[in-house]
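Residue numbers (our numbering): 62 to 453.
Structure, as structure tokens:
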Ligand SMILES: [Zn+2]
């Protein structure tokens, strides 16, 4: 089946240009200055709207009322589909720290969902956020499930899980550097996560396979004073070290606009990417002031467009969609192509999704039409139109 987009402002996402795009059997045939639509093709007049690559979310726990931690393929498919209808065409479902058998079961469910034909988008694998995280930076992770790598048998989550793509680990824990090397050898992204490490420990981690920082500023140590001396932490290491990419929850709550600009200035669009960290309440309607309970038993309150711990002392995760993150990045003054790149090409490269994240010949036909307000008007995933209309 051929689909032709005419009169589009194509964001490749390295440049914006007026062009037409032909999608055939799930792939992009080409980007053309002008094209005569082939006979039988569906022709979509973009009327000057932006045609962008589909969004890619590498850190997301749920959506549409379903959570990865249910441990069921159907839940993973439904969460992926809820995000797909809002523009996320490739997704890396992410676990929460729970007892090891629960995390293994969740990973297994993701594996089955990857082969499920009901899934509208592409499931890229699984992201294990934990269980080797620092209790001091636990945030909304359930602290009783946290383990030290040297004491935990992680084979079920690591070697026995061929679709593991990313694992969040606090590098200061005993055995964490060996785990980083082990992950790196398997081609899995080792991400500094929920960590209280100082700069020197992160620098060591970067030499031991760690190459990413999980949601910069959230669950991250920052500058502290030890006697008269200031000691840099995970935040500064993430900003300063060239070998590290950083995730940002660019919902406008977790990180205010100046910090998004600061991260962008330090990292640029190649080394920084947007993640929702969405809970099961993401990509769904929430009511202000209502308390919700997550699958790991953690309660949270919806307030000010974000989920908070009941104490209101910290955020518990987001309800954002990738679409909202892109609008926030643009609102921060980041040029449109770079904002889109951090939601498409950069996350694709990060997990080696070679055919994703660009509008170019040979890439997967994962495409979005965005209006002037950057609201999603059409979603094509794997060559199929899965949403048309006005974004909620
Ligand atoms: Zn998370």
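We put the beta carbon where it would ideally sit given N, CA and C, even for glycine.
Keep in mind that this is a model prediction, so the values were computed, not measured.
- Going down the chain, each residue whose beta-carbon is closer than 5 Å to a heavy atom of ligand 1 shows up: 190 and 338.
- Here DSSP, grouped into helix, strand and coil, assigns residue 274 to strand.
- The bridge partners DSSP lists for residue 189 are 228.
- Sixteen is the threshold: when 16 or more other Cβ atoms of the shown chains lie within 10 Å of the Cβ of residue 302, as they do, the residue is buried.
- In the DSSP assignment, residue 64 falls within the unbroken beta strand (DSSP E) covering 63–72.
- One Cα belongs to residue 172, the other to residue 221, and the distance between them is close to 12 Å.
- The bridge partners DSSP lists for residue 428 are 114 and 441.
- Within a 10 Å sphere around the beta-carbon of residue 160 sit fewer than 16 other beta-carbons, which makes this residue exposed.
- Per DSSP, the unbroken alpha helix (DSSP H) holding residue 410 starts and ends at 406–411.
- Segment contact: the segment 336–352 against the segment 139–154, three or more CB-CB distances shorter than 8 Å; contact assigned.
- The beta carbon of residue 360 is closer than 6 Å to those of 352, 354 and 371 in its chain, skipping five residues each way along the sequence.
- Using a Cβ-Cβ distance cut-off of 8 Å, the segment 432–439 and the segment 162–181 are not in contact, since fewer than three pairs of beta carbons, one from each stretch, lie closer than that value.
- Straight-line measurement puts the Cα of residue 364 at about 27 Å from the Cα of residue 194.
- With respect to the C-alpha of residue 307, the residue from 333, 109, 208 and 99 having the closest C-alpha is 333.
- DSSP lists 64 as the bridge partner or partners of residue 103.
- Under the rule that a run must span 4 or more residues, the alpha helix (DSSP H) segments found entirely inside the segment 240–294 read 260–267.
- C-alpha of residue 103 to C-alpha of residue 81: approximately 13 Å in a straight line.
- Counting C-beta atoms within 10 angstroms of its own C-beta, residue 78 has fewer than 16 neighbours from the protein chains shown and is therefore classed as exposed.
- Residue 190 holds the alpha-carbon nearest to the alpha-carbon of residue 204 among 394, 214, 190 and 216.
- Taking the C-beta atoms as reference points, residue 157 is found nearer than 7 Å to residue 130.
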